[in-house]
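Just so you know, the protein sequences line up as chains A and B, in that order. Take 0 as the starting number for the first sequence in numbering that gives the first Met the number 0 and just add one per residue. Take 0 as the starting number for the second sequence in numbering that gives the first Met the number 0 and just add one per residue.
Number of protein chains: 2
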Amino acid sequence: MRLGPDITRIAALLGEPARANMLAALLGGEALTAGELAREAGITAQTASGHLAKLEAGGLLVRRRQGRHSYFALAGEDVAEAMEQLVGLADRAGHQRTQPGPKDPALRKARVCYDHLAGDAGVAMLDALIAQGRIADHDGALALTDQGRGFAREFGVALDDRGRRPLCKACLDWSVRRSHLAGVMGAGLLQRIYALGWARRIEGTRVVQFSAPGLVSFERTFARIP
Amino acid sequence: MRLGPDITRIAALLGEPARANMLAALLGGEALTAGELAREAGITAQTASGHLAKLEAGGLLVRRRQGRHSYFALAGEDVAEAMEQLVGLADRAGHQRTQPGPKDPALRKARVCYDHLAGDAGVAMLDALIAQGRIADHDGALALTDQGRGFAREFGVALDDRGRRPLCKACLDWSVRRSHLAGVMGAGLLQRIYALGWARRIEGTRVVQFSAPGLVSFERTFARIP
DNA sequence: CCGACGCTTCGGTCGCGGCCGAAGCATGCC
DNA sequence: GGCATGCTTCGGCCGCGACCGAAGCGTCGG
Chain A
0 MRLGPDITRI AALLGEPARA NMLAALLGGE ALTAGELARE AGITAQTASG
50 HLAKLEAGGL LVRRRQGRHS YFALAGEDVA EAMEQLVGLA DRAGHQRTQP
100 GPKDPALRKA RVCYDHLAGD AGVAMLDALI AQGRIADHDG ALALTDQGRG
150 FAREFGVALD DRGRRPLCKA CLDWSVRRSH LAGVMGAGLL QRIYALGWAR
200 RIEGTRVVQF SAPGLVSFER TFARIP
Chain B
0 MRLGPDITRI AALLGEPARA NMLAALLGGE ALTAGELARE AGITAQTASG
50 HLAKLEAGGL LVRRRQGRHS YFALAGEDVA EAMEQLVGLA DRAGHQRTQP
100 GPKDPALRKA RVCYDHLAGD AGVAMLDALI AQGRIADHDG ALALTDQGRG
150 FAREFGVALD DRGRRPLCKA CLDWSVRRSH LAGVMGAGLL QRIYALGWAR
200 RIEGTRVVQF SAPGLVSFER TFARIP
């Protein structure tokens, strides 16, 4: 039983530390230049160039040339999801030792996961949306309720459901070990949180930093008791 | 940004052709001996032994010693899912060349995916269950309806929802490229299909072979128009 | 037009890891 | 006990691929 489309081609790409580090750096969702990725992975530019070419050929990255720079980004959300999936296997496997996820408290509190909110804040937000009846949890599968659609409209999230991307999707949070909200709704909420000035991305990291009044508003909006 | 629980440890395990072939052989869901896996991968017993030890240490396989045999099986459904996920990336990436999935028509028609039905028959079954109102499709996330629970009872599927495994779960079919049904319900339905004599596993393969009368019953039960 | 800068290509070195032959253990059958 | 069978351990060979230095090619700025 050979697997038709070779699974090893992809897995081997992810299996090299240097490449994995570059991909991890791109989990933030924004494109980075070849040089930045080289520094991120701790290798020279020419080595990185080779790796990046392979990742592009493997369909995991997309390249955008701009002047004398090559910008790279993940080829799609599914790449990020596959990586999270592997992380899930990885820390179930070596299930002893340290606590899961990043040490940095700020990262555990609120971070971006590709394009949606993760960490304590992300998990709390999903909990609240379910408690408020805005999202229904069917055996771990999430669906937006009618009430939830109304909330999205009020809150200013445009739900473009023409694409094939699901509106709501549970994404296992690898620090908290519970689900947070991905999908169109998850991405839209984070965009609004930025737009309302409740929080902002810390440059060059995945940390999402809430302002003091922003946090109050966030907690009021996403309170477990409506 | 280092990924805490090392993703490369797992990916590197999956990235070696010999190991991937052994894992693929175990996708059928049943345990195989070390020797069988060695033959499957086309390597000698001693090489296989080394690989299997690594896969066990990595938490991807579980070993059960029985007499002078070592039986290996996938450590869990999540391992199978991660592999399917990677297959998905793999054939989106090299999206040219051949048609996706296995060449063997029997495999495309009906096969087992770990413990549930996949292939044309699996996809058709899920389509029917949705059309019949027994499963609800919320933005690609599946949930069993009350009517569906009644059907499960009549059909003879015991729904043990005490475990953490979801009742219904969409699993992307890598030959048809549409979803079929996984989860407790998916596994239970396949068991009943076997028990009713509608179909049986072809020894040593993932092919599910329907009998002539069994196929009629299957198509009548899972007809798109109730 | 020239130098600075960033990315890529080329060649060569080196180490990790897969692989097998041979030997070592355990189990099961006679 | 003696032998066959199946798995595992050990040791050594070998090739693939990561890595870097140096050089080549494009773009940007003066």
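Built from N, CA and C at the ideal position, the CB exists for glycine as well.
In this structure, the straight-line span from the alpha carbon of Met-124/A to that of Glu-153/A is close to 17 Å. Counting only the Cα atoms, Ile-42/B lies some 44 Å from Gly-118/A. For Val-78/A, the C-beta contacts it makes with chain B under 9 Å involve Leu-88, in order along the chain.
Arg-133/A: not part of any beta strand (DSSP E); DSSP gives it neither H nor E.
Within a 10 Å sphere around the beta-carbon of His-115/B sit 16 or more other beta-carbons, which makes this residue buried. The beta-bridge partner set that DSSP reports for His-179/A consists of Cys-170/A. By the 16-neighbour rule on beta-carbons within 10 angstroms, His-179/B is buried. Where Ser-69/B is concerned, the enclosing beta strand (DSSP E) starts and stops at 68-73. Burial of Asp-90/B is indicated by the presence of at least 16 other C-beta atoms within 10 angstroms of its C-beta. The Cβ neighbour count for Thr-46/B, taken over all protein chains shown within 10 Å, is under 16; the residue is labelled exposed. Annotation for Val-215/A: the continuous alpha helix (DSSP H) segment containing it runs 211-220. By DSSP's assignment, Thr-32/A forms a beta bridge with Tyr-70/A. Taking each of Leu-36/B, Gly-196/B, Asp-126/B and Pro-104/B in turn and checking the Cα distance to Phe-221/B, the smallest one comes out for Asp-126/B. The straight-line gap separating the alpha-carbon atoms of Ser-210/B and Arg-199/B is approximately 8 Å. The C-beta of His-68/A has fewer than 16 other C-beta atoms within 10 Å across all chains shown, which makes the residue exposed.
Secondary structure note for Arg-200/A: its beta strand (DSSP E) is the uninterrupted segment 198-200. Distances from the alpha-carbon of Arg-219/A to those of Arg-205/A, Lys-168/A and Leu-128/A put Leu-128/A closest. For Thr-7/A, at least one C-beta of chain B is nearer than 7 Å to its own C-beta. Looking from the CA of Ile-201/A, the closest CA among Ile-9/A, Leu-13/A, Asn-20/A and Gly-27/A belongs to Gly-27/A. Between the beta-carbon of Leu-73/A and that of Leu-25/A there is about 5 Å, and that keeps the pair under the 8 Å contact cut. With fewer than 16 other Cβ atoms inside 10 Å of its own Cβ, Gly-66/B counts as exposed. Val-207/A is classed as buried because its beta carbon has at least 16 other beta carbons within 10 Å across all chains shown.
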